[in-house]
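Chains A and B, in that order, are what the protein sequence lines are.
Its first residue numbered 1, the first sequence is counted upward by one per residue in the working numbering.
Its first residue numbered 1001, the second sequence is counted upward by one per residue in the working numbering.
Ideal Cβ positions, reconstructed from N, Cα and C, are used throughout, including at glycine.
There are 2 protein chains.
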Amino acid sequence: MGRTDERAYGRAGVDLDAAARTMDLITREVASTYTPGVLRGLGAFGGLFELPAGMRRPVLAASTDGVGTKTVLARRYAAEPGVLEGIGRDLVNHCVNDVLVQGATPLFFLDYVASERLEPDAVAALVRGVASACREAGMALLGGETAEMPGVYREGEFDLAGTIVGVVERDEVVDGSRVVPGDAVLGLPSGGLQTNGFSLARRALEGRLDEVLPDGTPVWRALLAEHRSFLPAVRPLLASRLVKAMAHVTGGGLPGNVPRSLPPGTGVRLERGAWEVPPVFDLIRSAGGVAEAEMYDVFNMGLGFVVVVAADDAAAALSLAPGSRVVGEVVAGAGVELA
Amino acid sequence: MGRTDERAYGRAGVDLDAAARTMDLITREVASTYTPGVLRGLGAFGGLFELPAGMRRPVLAASTDGVGTKTVLARRYAAEPGVLEGIGRDLVNHCVNDVLVQGATPLFFLDYVASERLEPDAVAALVRGVASACREAGMALLGGETAEMPGVYREGEFDLAGTIVGVVERDEVVDGSRVVPGDAVLGLPSGGLQTNGFSLARRALEGRLDEVLPDGTPVWRALLAEHRSFLPAVRPLLASRLVKAMAHVTGGGLPGNVPRSLPPGTGVRLERGAWEVPPVFDLIRSAGGVAEAEMYDVFNMGLGFVVVVAADDAAAALSLAPGSRVVGEVVAGAGVELA
Chain A
1 MGRTDERAYG RAGVDLDAAA RTMDLITREV ASTYTPGVLR GLGAFGGLFE LPAGMRRPVL
61 AASTDGVGTK TVLARRYAAE PGVLEGIGRD LVNHCVNDVL VQGATPLFFL DYVASERLEP
121 DAVAALVRGV ASACREAGMA LLGGETAEMP GVYREGEFDL AGTIVGVVER DEVVDGSRVV
181 PGDAVLGLPS GGLQTNGFSL ARRALEGRLD EVLPDGTPVW RALLAEHRSF LPAVRPLLAS
241 RLVKAMAHVT GGGLPGNVPR SLPPGTGVRL ERGAWEVPPV FDLIRSAGGV AEAEMYDVFN
301 MGLGFVVVVA ADDAAAALSL APGSRVVGEV VAGAGVELA
Chain B
1001 MGRTDERAYG RAGVDLDAAA RTMDLITREV ASTYTPGVLR GLGAFGGLFE LPAGMRRPVL
1061 AASTDGVGTK TVLARRYAAE PGVLEGIGRD LVNHCVNDVL VQGATPLFFL DYVASERLEP
1121 DAVAALVRGV ASACREAGMA LLGGETAEMP GVYREGEFDL AGTIVGVVER DEVVDGSRVV
1181 PGDAVLGLPS GGLQTNGFSL ARRALEGRLD EVLPDGTPVW RALLAEHRSF LPAVRPLLAS
1241 RLVKAMAHVT GGGLPGNVPR SLPPGTGVRL ERGAWEVPPV FDLIRSAGGV AEAEMYDVFN
1301 MGLGFVVVVA ADDAAAALSL APGSRVVGEV VAGAGVELA
């Protein structure tokens, strides 16, 4: 149902007035995400979603994720416009990309917000961000849970996690099996850290968050840059059936994510100059004295999403996916080589 | 895929050795839950699950939940056998019941474990509990996320949340619409607090957790009694098509949960002597000086699940659902009346 009155504020210890205000604030946001699949008015405990009609062999793709310690930085700048909404959007976009790599498009989302103490405005901002990213992905915010747990979280801190369910036809699952050496590797820019590497970044940049980067962006804002959804860029590619494999570059960076989308015996060679490394990564490296290899093991280094297509299809794929560029090729071997 | 190597340990700041040990410990547990719907070997980011063949109009039922501050008590007694596993089972069973009320049976589950610092043995115990309850529900543990967030959680504390996806035929959704005054209300015993009311219970019983109840059970163990899954009792009832409405008695107790399963203009009258109130509730009331009404607003008071059937079907329903008994009837009006 996705009705906000399912959100479980009922645990003992919850400030029910604050909870009621929060519910009022988010009810409209949640309802604004409802797609035709959502069944309203049936029961009131879990959310109900009818699968799109006419699918041959529907396969569900599901993923649970959190936003990690990006929340700690967001809390510090929570008074700045859009910061908490951004964290909500980060979470959803991360999850969208995680099922997208298998060729699945989003059906619905459920969020989990837990904190030391519910601050209605903060919860509303987080859910507003979640809802806006759901709307953009054409996905219903079907349910959620909001928990106040004073003995568990540090004062004022919160955690945000979510689960996405998408769907793909059985014979359209993108599984990497057709990848061969010589295939082209396309990259899509991340624009920043996305949601990974924040513990290292905060350590490296402690005390320098309010400095300004050469392009005029404050460091803290560059760090909080939104986790991009690659659905708009990749959807036309999927429809074209040109895609052989995809990887979402999250924790573990390129070496930790690209290889697991490839069949055994294949790796990739990436041309380092082929994409832009956002300036915030240079600052993290120099300020934190972080070795180059560690940078690539922890951060996406500017490549947020990777798509493998046949070399002959590269030009067509580039024209279908706005913002993409060729960043390397598939090679015999294993792992990621940076040339 | 549900493969444990999807569990996102990759965030900066994670102790990768500890994470590797945890992964070893839980890999087999996760694999042991795989049902035929799980697609193995396809991609490696999200989990893939093929819907059962032959459904006419499949409707997905989804719910996200946590275990609340039951975790705080569990941590205090974490060295006792089965305590952390029990928390994992609590989470799953809670979610199973939440989709069961709409007539849905479980397909798959995803868990989210976050803590101040990953303790591999503790994470493994939690996931072992999650996996065992998934197996009993015939449900795959399709994915999960494990996050270490030192700045967010208090020292040694953790949170555990999860998402269930179940399925039901469109015309078999249980929605309460056929409920009329005179229908019989059947109850299933909770055996304890399930996962609600722990902040109040801990306040009321602080310093008395190691006392022993009249039946010989230590107070802490009575508090940690498992959140029962009502799937085994209710499944035969669902197959019989006798069920008109169901409620899972969670946060908000009977008044907070039973009415929302009923159509407008109907309420229930429950006969207080018709079910057993476990002794731990008497102790909470007397030790904490908690008013009777508040007890019913916060706790399930021994009734974990409620099923509405036609009065004429009550005898048949009782024989199909082991442990059930008639606890009241539907009346014209609204809300819950305790007679």
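- For A/Gly-156, the closest C-alpha among the options B/Glu-1157, B/Phe-1158 and B/Tyr-1153 is that of B/Tyr-1153.
- Residue pairing by DSSP puts B/Arg-1269 in a beta bridge opposite B/Glu-1329 and B/Glu-1337.
- B/Pro-1150 sits in coil when the DSSP states are folded into three classes, being neither helix nor strand.
- Judged by DSSP in its simplified three-state form, A/Asp-282 adopts helix.
- Rounded to whole angstroms, the Cβ separation of A/Gly-143 and A/Leu-110 is 4 Å, and the two are in contact under 8 Å.
- CA-to-CA, the gap between B/Asp-1065 and A/Pro-236 works out to about 35 Å.
- With respect to the C-alpha of A/Val-83, the residue from A/Asp-24, A/Ala-74 and A/Val-38 having the closest C-alpha is A/Ala-74.
- In the three-state reduction of the DSSP assignment, A/Met-295 falls in the helix class, which pools H, G and I.
- In this structure, B/Leu-1213 keeps its C-beta atom at 8 Å or more from the C-beta atom of B/Val-1123.
- A/Phe-49 sits in a strand when the DSSP states are folded into three classes.
- A/Gly-323 is positioned such that its CB atom lies closer than 8 Å to that of A/Ala-233.
- With contacts defined as CB atoms closer than 8 Å, A/Val-168 and A/Ala-61 qualify as a contacting pair.
- The continuous beta strand (DSSP E) containing A/Thr-105 extends over residues 105 to 115.
- Excluding sequence positions up to five before and after B/Glu-1085, its CB lies within less than 6 Å of the CB of Ala-1125, Arg-1128 and Gly-1129, all in the same chain and listed in chain order.
- The C-beta of A/Arg-28 has fewer than 16 other C-beta atoms within 10 Å across all chains shown, which makes the residue exposed.
- Residue environment: A/Ser-286 is assigned as exposed (fewer than 16 neighbouring CB atoms within 10 Å of its CB, all protein chains considered).
- Taking the CA atoms as reference points, A/Ala-53 sits about 13 Å from A/Val-38.
- By the neighbour-count criterion, in which 16 or more other beta carbons inside 10 Å mark a residue as buried, A/Pro-189 falls on the buried side.
- In this structure, DSSP gives A/Val-96 a helical state, which the three-state scheme calls helix.
- Distances from the alpha-carbon of A/Met-301 to those of A/Val-277, A/Leu-318 and A/Glu-292 put A/Val-277 closest.
- With contacts defined as CB atoms closer than 8 Å, B/Val-1180 and B/Val-1330 qualify as a contacting pair.
- Using a 10 angstroms sphere on the CB of A/Ala-247, the tally of other CB atoms reaches 16 or more, which defines it as buried.
- Given a length threshold of 4 residues, each whole run of the alpha helix (DSSP H) inside the segment 112 to 146 of chain A is given here in chain order: 120 to 137.
- For B/Pro-1106, the number of other beta carbons within 10 angstroms of its own is at least 16, and it is reported as buried.
- Counting only residues of its own chain and dropping the five nearest sequence neighbours on each side, B/Leu-1231 has a CB closer than 7 Å to the CB of Val-1096, Leu-1100 and Ala-1137.
- By the rule that beta-carbons nearer than 8 Å mark a contact, B/Ala-1311 does not touch chain A.
- A/Val-67 is positioned such that its CB atom lies closer than 8 Å to that of A/Thr-195.
- Where B/Phe-1305 is concerned, the enclosing beta strand (DSSP E) starts and stops at 1303 to 1309.
- Residue-level contact by beta carbon fails for B/Thr-1033 and chain A, as no gap is shorter than 8 Å.
- Chain order gives the chain A residues near B/Met-1149 as Gly-66, Gly-68, Thr-69, Thr-71, Val-72, Glu-157, Asp-159 and Ser-199, where near means a beta carbon separation below 9 Å.
- Look at A/Ser-261 here: in three-state DSSP terms it is helix.
- The Cβ atoms of B/Leu-1186 and B/Val-1307 sit closer than 8 Å to each other.
- Only residues of its own chain outside the window of five on either side were considered, and among them Val-298 and Phe-299 have a CB closer than 7 Å to the CB of A/Gly-197, listed in chain order.
- Under the DSSP assignment, B/Ala-1204 falls outside any beta strand (DSSP E), being part of the alpha helix (DSSP H) whose first and last residues are 1198 to 1205.
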